[in-house]
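Under the UniProt record's numbering, the first residue of the sequence shown is numbered 1, with each subsequent residue one higher. Where a beta carbon is used, it is the ideal one built from N, C-alpha and C, also for glycine.
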Amino acid sequence: MAFLLAWLRDHSQVRDILEIGTAVGLSAMEMANVRWDMTVDTVEVNPLMYAQAVRNVKAAGLSGRVHCYLCDGAEFSSEKIYDLVFIDAAKSQYRRYLEHFWFNTRPGSFFVFDNLNFHGMVDDESLTHNRSTVQMVHKIGAFREHLLQDERFDTVFYQDVGDGIAIALRRQ
């Protein structure tokens, strides 16, 4: 998260953020605290985590800038245009999220995808231990390849940051 927060400090054009995968709201609150003019809409599917996130956001005094939504990320709907879409949810659904939120961005917006190495398993399948993990690792690998080939974006992979992160700048 430290890498993304530093990156956000260097990209002052980013003000409105959509996060898919709230957990308990820590990353949403950290992003909102980068600058006073940042807002974060964050979506969580797990009711218990969502409830904790709402409590955490309220306790931090950020309810005016961090808005929590309870639903599946792929079903979240908004007319809002975001400067950045941060996706840290179901890894096998990343391409679906990319297409779903395409219409909530504009040229110059960014998509950030977390955990693209998946504990090193994407590059070394021998680290996987069951069939479902192998399938997910294949989907993540296919998504990484898709991002590299997708001419709508300029994508940079940071393999050594956390568990692998990609930042994709929307060109068109």
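Check                                                                                                                         : Outcome
What does F103 pair with, by DSSP beta-bridge criteria?                                                                       : DSSP, once it has assigned bridges, lists no residue as partnering F103.
To the nearest angstrom, how far is it from the Cα of F76 to the Cα of H129?                                                  : 33 angstroms
Report buried or exposed for residue 173, applying the criterion of at least 16 other Cβ atoms within 10 angstroms of its Cβ. : The structure shown does not extend to residue 173, since the chain is modelled only from 1 through 172, so no value can be given for it.
Is DSSP giving R9 helix, strand or coil here?                                                                                 : helix
Work out the CA separation of W36 and G64 for me, nearest whole Å.                                                            : 11 angstroms
By how many angstroms is the C-alpha of I87 removed from the C-alpha of D150?                                                 : 17 angstroms
Check R170 in the structure and name its three-state DSSP category.                                                           : strand
In three-state DSSP terms, what is F76?                                                                                       : coil
Please classify I140: does DSSP put it in a helix, a strand, or coil?                                                         : helix
What are the residues that DSSP puts in a beta bridge with L84?                                                               : I17, F110
For a test of the three-state rule: what should DSSP assign to H129, helix, strand or coil?                                   : coil
With V156 as the anchor, note down where its beta strand (DSSP E) starts and where it stops.                                  : 153 to 158
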